[in-house]
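Sequential numbering from 61 applies to the sequence shown in my numbering.
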Amino acid sequence: MIDPFGRSINYLRVSVTDRCDLRCVYCMSEDMTFLPKSDLLSLEELDRVCSTFVKLGVRKLRITGGEPLVRKNVLNLFENLGRHLKTGGLDELTLTTNGNRLAKYSEALRTAGVKRVNISLDSLNAKRFKAITRWGNHEKVMDGIKAAKAAGLKIKINTVAMRGVNEDEFNDLVAWCGDEGFDLVFIETMPMGNIDEDRTDQYLPLSLVRADLSRHWTLTPINDNTGGPARYTRCAETGGRVGFITPMTHNFCESCNRVRLTCTGTLYMCLGQDNAADLRTPMRASEGNELLSQAIQEAITRKPKGHDFIIDRRHNKPAVGRHMSVTGG
Ligand code: SAM
Ligand code: SF4
Numbered sequence: 061m062i063d064p065f066g067r068s069i070n071y072l073r074v075s076v077t078d079r080c081d082l083r084c085v086y087c088m089s090e091d092m093t094f095l096p097k098s099d100l101l102s103l104e105e106l107d108r109v110c111s112t113f114v115k116l117g118v119r120k121l122r123i124t125g126g127e128p129l130v131r132k133n134v135l136n137l138f139e140n141l142g143r144h145l146k147t148g149g150l151d152e153l154t155l156t157t158n159g160n161r162l163a164k165y166s167e168a169l170r171t172a173g174v175k176r177v178n179i180s181l182d183s184l185n186a187k188r189f190k191a192i193t194r195w196g197n198h199e200k201v202m203d204g205i206k207a208a209k210a211a212g213l214k215i216k217i218n219t220v221a222m223r224g225v226n227e228d229e230f231n232d233l234v235a236w237c238g239d240e241g242f243d244l245v246f247i248e249t250m251p252m253g254n255i256d257e258d259r260t261d262q263y264l265p266l267s268l269v270r271a272d273l274s275r276h277w278t279l280t281p282i283n284d285n286t287g288g289p290a291r292y293t294r295c296a297e298t299g300g301r302v303g304f305i306t307p308m309t310h311n312f313c314e315s316c317n318r319v320r321l322t323c324t325g326t327l328y329m330c331l332g333q334d335n336a337a338d339l340r341t342p343m344r345a346s347e348g349n350e351l352l353s354q355a356i357q358e359a360i361t362r363k364p365k366g367h368d369f370i371i372d373r374r375h376n377k378p379a380v381g382r383h384m385s386v387t388g389g
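Written out as structure tokens, the structure reads:
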């Protein structure tokens, strides 16, 4: 599928639930209203939509949320989608998780065909981790990370850079990821959904982070493209990869190959815009996948050129009303 700007769309991210067992300060307010469970696509329907995308040329599927591993029986979805890896229809099946349940699920995910996992970890300090995630237990997440490593999953750590919150730990994170053999990717906070705090206070441009890291580490840009928005460097001292996702300071839209499905069957063509297509109605309208395929292809013709994220004192309002946990990170 090619969009109006000539970009090939071969990557689908699927939020299988908007719920989560943590409440990270930049992502959610503590008191969230979630979608009624009756609005969710069933796991069979999620499989149907994903499989239709694979038929239309999607080569990479990322399961996300909310926290994907809190969705009941989610392992069945991974196991079923794994069939596309076997037939060669799909290059990669992966997930983004907070790591809370990886001790339980890592082995089974590996068996289902998952080879890589993105794990969010914003601090190596237990007390601070708790303050950022509100409900998190650092030890449990570290056990999850250990289990994922032991199961042979390749690990990428996602760290949201927050001014005055975790900025004094970035060197430690680079060193730790280097020791463990993990990739590390820093992310700028994006203005998505209302949270309890002020995003202007949290926002830390990664240009500053990178400049600061460069005083301690030799970071050489490399051309590795994992199909996502991160721009990578190689750290000479650790040998590891350090990436930067800079939606705010450096727009990555020109190479965007992604669309995002919510757990209720709405397809968002851009994380930072409201353009959307309802896939649930055409899917449920017939047993075959013809109408669904048509709806997907029509949606791709409406993929916008890029997002309009701005964070400053004059624009201290979310660019889009929905939280990251709805569209899926
Ligand atoms: N619960 C899983 C997790 O935390 O990895 C998957 C979903 S979470 C929404 C996906 C990623 O989005 C996480 O790495 C999280 O740190 C990031 N994220 C959430 N809200 C964000 C925001 N407003 N700006 C930037 N990144 C955000
Ligand atoms: Fe949950 Fe992930 Fe959002 Fe944190 S970032 S609240 S773990 S969905």
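A virtual CB, placed ideally from N, CA and C, is assigned to each residue, including glycine.
Residue i, enclosing alpha helix (DSSP H) - first and last residue
{"i": "D239", "result": "230-240"}
{"i": "E350", "result": "350-360"}
Among the options, the one whose alpha carbon lies nearest that of residue i
{"i": "G142", "options": "R161, G126, A168", "result": "A168"}
{"i": "E199", "options": "L352, A172, S183, V319", "result": "S183"}
{"i": "V109", "options": "V76, V130, P96, M92", "result": "V76"}
{"i": "E105", "options": "N349, M92, L244, C295", "result": "N349"}
{"i": "L327", "options": "N231, Y263, A359", "result": "A359"}
{"i": "D99", "options": "S346, Y263, D78, M92", "result": "D78"}
{"i": "I69", "options": "K97, L103, F113, L95", "result": "F113"}
{"i": "F138", "options": "I305, C316, L121", "result": "L121"}
{"i": "D262", "options": "Y292, P307, E227", "result": "A small correction: the amino acid at residue 262 is Gln; Asp does not occupy that position in the sequence shown. Answer by Cα proximity: E227."}
{"i": "R73", "options": "M343, K132, A235, P128", "result": "P128"}
{"i": "D272", "options": "D232, G300, T260", "result": "D232"}
{"i": "V225", "options": "V201, D203, N185", "result": "N185"}
{"i": "V134", "options": "F189, F246, T157", "result": "T157"}
{"i": "G204", "options": "H144, R194, V177", "result": "V177"}
{"i": "I305", "options": "V118, W195, L321, S315", "result": "S315"}
{"i": "D284", "options": "E297, R270, V302", "result": "V302"}
{"i": "K214", "options": "E257, L155, V319", "result": "L155"}
{"i": "N136", "options": "R294, T171, L150", "result": "T171"}
{"i": "G241", "options": "R223, C295, I282", "result": "C295"}
{"i": "E264", "options": "V118, G117, R223", "result": "The amino acid occupying residue 264 in the given sequence is Leu; Glu does not appear at that position. When only C-alpha atoms are compared, the closest one is R223."}
{"i": "R318", "options": "G288, I356, F189", "result": "G288"}
{"i": "N160", "options": "I179, S267, L321", "result": "I179"}
{"i": "A211", "options": "V174, V201, G238", "result": "V174"}
{"i": "T147", "options": "T124, G125, S111, A163", "result": "S111"}
{"i": "T322", "options": "L150, T124, K365, F65", "result": "T124"}
{"i": "Y71", "options": "M92, L116, R291", "result": "L116"}
{"i": "M392", "options": "G238, C237, L266", "result": "With the chain covering only 61 through 389, there is no way to say anything about residue 392."}
{"i": "S166", "options": "H367, R188, A207", "result": "A207"}
{"i": "F94", "options": "S346, T324, D243", "result": "T324"}
{"i": "D256", "options": "G66, F65, E90", "result": "E90"}
{"i": "K97", "options": "V130, D338, D107", "result": "V130"}
{"i": "K365", "options": "F312, K187, R194, I247", "result": "F312"}
{"i": "T339", "options": "W195, N197, L101, R259", "result": "In the sequence on display, residue 339 carries Leu and not Thr. L339 has its Cα closest to that of L101, out of W195, N197, L101, R259."}
{"i": "T298", "options": "L268, V234, G196", "result": "V234"}
{"i": "I356", "options": "H367, T341, E347", "result": "T341"}
{"i": "G238", "options": "M61, G300, V245, L181", "result": "G300"}
{"i": "R362", "options": "E347, N335, S346, L351", "result": "N335"}
First and last residue of the uninterrupted beta strand (DSSP E) at residue i
{"i": "D338", "result": "336-338"}
{"i": "L153", "result": "152-157"}
{"i": "E248", "result": "243-248"}
{"i": "A75", "result": "Note that residue 75 corresponds to Ser in the displayed sequence, not to Ala. Per DSSP, S75 belongs to the beta strand (DSSP E) from 71-75."}
Contact test: residue i Cβ vs the ligand GTP heavy atom, cutoff 7 Å
{"i": "Y71", "result": "Because the ligand GTP does not appear in the structure shown, any question about it cannot be addressed here, the ligands present being the ligand SAM and the ligand SF4."}
Beta carbon proximity, residue i to chain B, threshold 8 Å
{"i": "A186", "result": "Annotation note: the requested chain B is absent from the structure, which comprises a single protein chain."}
Whole runs of the alpha helix (DSSP H) within the stretch 85-128, excluding any shorter than 4 residues: Listed in chain order, they are 103-115.
Every unbroken beta strand (DSSP E) inside the stretch 252-325 [3 residues or more]: The qualifying runs are 279-281, 291-295, 301-305, 318-321.
Those runs of the alpha helix (DSSP H) which lie wholly inside the stretch 142-229 and span at least 4 residues: 162-172, 186-193, 198-210
contact_flag[the stretch 83-101, the stretch 328-336] where n(CB pairs < 8 Å) is 3 or more: No: fewer than three Cβ pairs fall under 8 Å.
At least 3 beta-carbon pairs within less than 8 Å: the stretch 216-224 vs the stretch 274-284: With the cut-off at 8 Å, the stretch 216-224 and the stretch 274-284 do not touch.
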